[in-house]
Amino acid sequence: MQTKILATLTLLLLNPGLPALAQTPAGEMVFQMHCASCHLAPTSPEIPNLDALAIYEPNAILMALTDGVMRLQAEPLTETDRIAVTEFLTNRKVAAQTTQFTTGMCTVQTPMTAPETGPVWNGWGADTSNSRYQTTGTTLKDKDIPKLRLRWAFGIPDASQSRSQPAVAGGRLFMGSQSGAVYSLDANSGCTLWIFKAGAGVRTAISVGPIVTANKPGYAIYFTDARATAYAVDANSGRLIWSRKLDAHPAARATGAPTLHDGRLYVPLSAVSEESIAARPDYECCTFRGSITALDARTGTVIWKTYMVDEPQPRGRSSAGAQLYGPAGVAIWSAPTIDPQRGLLYAATGNAYADPQPPTSDAIIALSLATGEFKWIKQILPDVWIMGCDLQSSGGNPRAGENPNCPENVGPDFDFSASPILTMRPGGRDVLIITQKSGVGYALDPDQNGQRLWEYRWGMGSPIGGVWGAAVDKQAAYFAVADIVSPTPGGLHAVDLQTGKRLWHTPPEKPLCVTGQGCSAVQAAALTTIDGVIFSGSHDGAMRAYAAANGKIIWTFDTNREFDTINSVEARGGSIDGPGPVVAGRMLYITSGNGGMFGLPGNVLLAFAPD
Numbered sequence: 056m057q058t059k060i061l062a063t064l065t066l067l068l069l070n071p072g073l074p075a076l077a078q079t080p081a082g083e084m085v086f087q088m089h090c091a092s093c094h095l096a097p098t099s100p101e102i103p104n105l106d107a108l109a110i111y112e113p114n115a116i117l118m119a120l121t122d123g124v125m126r127l128q129a130e131p132l133t134e135t136d137r138i139a140v141t142e143f144l145t146n147r148k149v150a151a152q153t154t155q156f157t158t159g160m161c162t163v164q165t166p167m168t169a170p171e172t173g174p175v176w177n178g179w180g181a182d183t184s185n186s187r188y189q190t191t192g193t194t195l196k197d198k199d200i201p202k203l204r205l206r207w208a209f210g211i212p213d214a215s216q217s218r219s220q221p222a223v224a225g226g227r228l229f230m231g232s233q234s235g236a237v238y239s240l241d242a243n244s245g246c247t248l249w250i251f252k253a254g255a256g257v258r259t260a261i262s263v264g265p266i267v268t269a270n271k272p273g274y275a276i277y278f279t280d281a282r283a284t285a286y287a288v289d290a291n292s293g294r295l296i297w298s299r300k301l302d303a304h305p306a307a308r309a310t311g312a313p314t315l316h317d318g319r320l321y322v323p324l325s326a327v328s329e330e331s332i333a334a335r336p337d338y339e340c341c342t343f344r345g346s347i348t349a350l351d352a353r354t355g356t357v358i359w360k361t362y363m364v365d366e367p368q369p370r371g372r373s374s375a376g377a378q379l380y381g382p383a384g385v386a387i388w389s390a391p392t393i394d395p396q397r398g399l400l401y402a403a404t405g406n407a408y409a410d411p412q413p414p415t416s417d418a419i420i421a422l423s424l425a426t427g428e429f430k431w432i433k434q435i436l437p438d439v440w441i442m443g444c445d446l447q448s449s450g451g452n453p454r455a456g457e458n459p460n461c462p463e464n465v466g467p468d469f470d471f472s473a474s475p476i477l478t479m480r481p482g483g484r485d486v487l488i489i490t491q492k493s494g495v496g497y498a499l500d501p502d503q504n505g506q507r508l509w510e511y512r513w514g515m516g517s518p519i520g521g522v523w524g525a526a527v528d529k530q531a532a533y534f535a536v537a538d539i540v541s542p543t544p545g546g547l548h549a550v551d552l553q554t555g556k557r558l559w560h561t562p563p564e565k566p567l568c569v570t571g572q573g574c575s576a577v578q579a580a581a582l583t584t585i586d587g588v589i590f591s592g593s594h595d596g597a598m599r600a601y602a603a604a605n606g607k608i609i610w611t612f613d614t615n616r617e618f619d620t621i622n623s624v625e626a627r628g629g630s631i632d633g634p635g636p637v638v639a640g641r642m643l644y645i646t647s648g649n650g651g652m653f654g655l656p657g658n659v660l661l662a663f664a665p666d
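Following the working numbering, the residues of the sequence shown are numbered contiguously, the last one being 666.
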């Protein structure tokens, strides 16, 4: 799957066909030796060229090379090499990193209140069903939405991407960041209570729950970083309680949020860099496996771990002489969904990386909460895909044919990047709702092993980017249009939960920006609903509220600008993608600036409340 920020900065490292240029500056020499074969003349639209790379913040590229999605490709480079090539690509200096600031700190450290007694948005989907439907945790009404006003803005230091969805509980707001800093803010005022530094970037949403340490009851926050390490941190003080490395594979990372339920933390793992480094003819493709690990939330002890494919086995050698392995891949990009009534956990999966074709790619999988055992698998599409193969399979650029790692049948790279939603249809029967990069939303029957009840095509579909979440209310499922390659991207569909029939469709608005990189109306971010209202963000930086009755837009805010921040950190908004808005109490929180390959970068958290 081609996910966001530099996910496909596809460095074909150690290219022997490009000589070192002794007279050129160090950064250009590194680029010519290790990067030029891919980025001077990209063979796929997912691979950024020099012009596209130049718009990134230097620290964003450096983070991607150091502990982000490009770390496998950058392994042969020294730290000096990485800094040099970063500064060459951006024509700007790498800034010294600091997550500390002194402005906007809370003057009084009041103890955290019990989450269950106040406004709360916990984890990815507001509940463990991942409905993204906020009901009991808010007093915000549809009549309040046109009165929403910006109350404060928080600048995220050392970041050019805002991609961690906040959690709200006990009067606090918790949020991760690209630099690995995790922030605890006062949910009402935005002042900073504490900062915790993880070992790598934190993209996942955060879950909050009770914990007992040293025989004292309290609360912990739970999250996972970009190097597949899970954490429990004291929610009141920011003190580390435990951390646990979950996978030794160098490509392993966390994109989907962990889900907390009944004393256990269920952690999904994904990977980006292996399906891109597999474009190298000499790479021994492929060995990463997507997984879910169940941890004891109090101690971090592993209770069970389930891989989505069998252990990779040697499967011959490529025409370039590299040992090939398979099956591989099937990352889990989203938060698992909990079904306590049936004792099940539902996970949505991505593409495989290598043959033989597994039955678990692009699927909804039900696992036992107790043991992690597969109970049923509903595969929507078979899908084996790595970079450098898509054009080869369609007779495109002949350079794509240089990759001997391509599977027998390529693609279509239509991952599930959204969480399954467990909800109830009118009439009382449960249903699973899921949206896919193929441009189709599905309703599945959890009592019939995922049997398809209906499907609804909301768009043409695309392998590029992600589709990060539908939402529901009591009557409808809502699907935003994430067709980034469409001539008319964007728009919102309301679909009857019972029948799958369209209730209404609102076409895309004209982008609020004028032109340039990222100026698109595509709506790939996760949706959020309250009674009577659907919130949806777009790549042009707009956050819009739609009336659930008819799809009419009742409120719009343009986040694509600079903001004065409560912590005096320079900040601006950009594209809204990935995480959706969070509603808690009478507040609406938006992270803006998840630009990725095609959008607008930024580093701001915005808080709104009605007049």
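Each residue gets a CB set at the ideal place from its N, CA and C atoms; glycine is no exception.
Ordered along the chain, which non-local residues of its own chain (more than five positions away) have a Cβ less than 7 Å from that of Arg480?
Val486, Leu552, Gln553
Given 8 Å, three or more beta-carbon pairs between the segment 100-119 and the segment 129-143
yes
Proximity to Ile266 [Cα-Cα], best of Leu315, Ala281, Ala222, Gly235
Leu315
Would Pro475 and Thr584 be called neighbours here (beta carbons separated by less than 9 Å)?
no
Taking one C-beta from the segment 581-599 and one from the segment 197-206 each time, how about it: are there three or more such pairs within less than 8 Å?
yes
Determine the DSSP secondary structure at Asp551, reduced to helix, strand or coil.
strand
Reducing DSSP to helix, strand and coil, say where Met652 ends up.
coil
Residue from Pro367, Thr356, Met125, Ala349 with nearest C-alpha to Thr342
Pro367
Need the endpoints of the beta strand (DSSP E) that Glu510 sits in, please.
506-512
Spatial neighbours of Gly178 in its chain, beta-carbon cut-off 7 Å, leaving aside the 5 residues before and after:
Ala222, Ala260, Ser262, Ala312, Thr314, Leu315, Ala390
In whole angstroms, what is the alpha-carbon distance linking Asp365 and Thr356?
23 Å
Test item: CB-CB of Ile539 and Ser575 under 9 Å:
yes
Whole angstroms are fine: how far does the CA of Val322 sit from the CA of Ser239?
22 Å
Could you give the C-beta distance for Tyr380 and Glu330, rounded to a whole number, given that I count them as a contact under 8 Å?
No, Tyr380 and Glu330 are not in contact; Cβ-Cβ is about 14 Å, not under 8 Å.
Considering only the beta carbon of each residue, do Ala224 and Ala285 sit closer than 9 Å?
no
Phe469 versus Gly245: straight-line alpha-carbon distance, rounded
38 Å
Under 9 Å between the Cβ atoms of Thr561 and Gly524?
no
From Ala281 to His548, what does the alpha carbon distance come to, in whole angstroms?
33 Å
Lys202 by DSSP, collapsed to three states: which one?
helix
Under the three-state DSSP convention, the category Gln78 falls into
In this prediction, Gln78 scores a pLDDT of 36, lower than 50, which makes its location untrustworthy; no coordinate-derived value is stated.
Ala275 beta carbon less than 9 Å from that of Lys252
no
Arg370 and Pro411 closer than 9 Å at C-beta
yes
My guess is that Ser232 and Ala255 are in contact by the Cβ rule of under 8 Å, so how many angstroms apart are they, rounded?
About 11 Å; that fails the 8 Å criterion.
Only counting the same chain, and skipping five residues up and downstream in sequence, which positions put a Cβ closer than 7 Å to that of Gly654?
Gly573, His594, Gly629, Ser630, Asp632
When we look at the beta-carbon of Lys492 and count the other beta-carbons within 10 Å, is it buried (16 or more) or exposed?
buried
Neighbour flag for Gly123 against chain D, beta carbons, 9 Å:
The structure shown contains no chain D; it is built from a single protein chain.
Around the Cβ of Leu295, are there at least 16 other Cβ atoms within 10 angstroms (buried) or fewer (exposed)?
exposed
Could you give the first and the last residue of the continuous beta strand (DSSP E) run that contains Phe278?
271-279
Spatial neighbours of Ile358 within its chain, please: CB distance less than 7 Å, with the 5 preceding and 5 following residues excluded, ordered by chain position.
Arg319, Ala349, Leu350, Asp351
Using the C-alpha atoms, what's the distance from Arg308 back to Ala283?
4 Å
Helix, strand or coil: how does DSSP classify Ser331 here?
helix
Taking 8 Å as the cut-off, is the beta-carbon of Leu487 closer than that to any non-hydrogen atom of the ligand SAM?
The ligand SAM is absent from the structure shown, which contains no ligands of any kind.
What separation, rounded to the nearest whole angstrom, lies between the Cα atoms of Ala62 and Asp122?
With a pLDDT of only 35 at Ala62, under 50, the local geometry of the prediction cannot be trusted, and the value read off the model is given with reservation. Going from the Cα of Ala62 to the Cα of Asp122 covers about 12 Å.
Collapsed DSSP secondary structure at Arg353 in the structure displayed:
coil
Would Ala532 be called buried (16 or more neighbouring beta carbons within 10 Å of its own) or exposed?
buried
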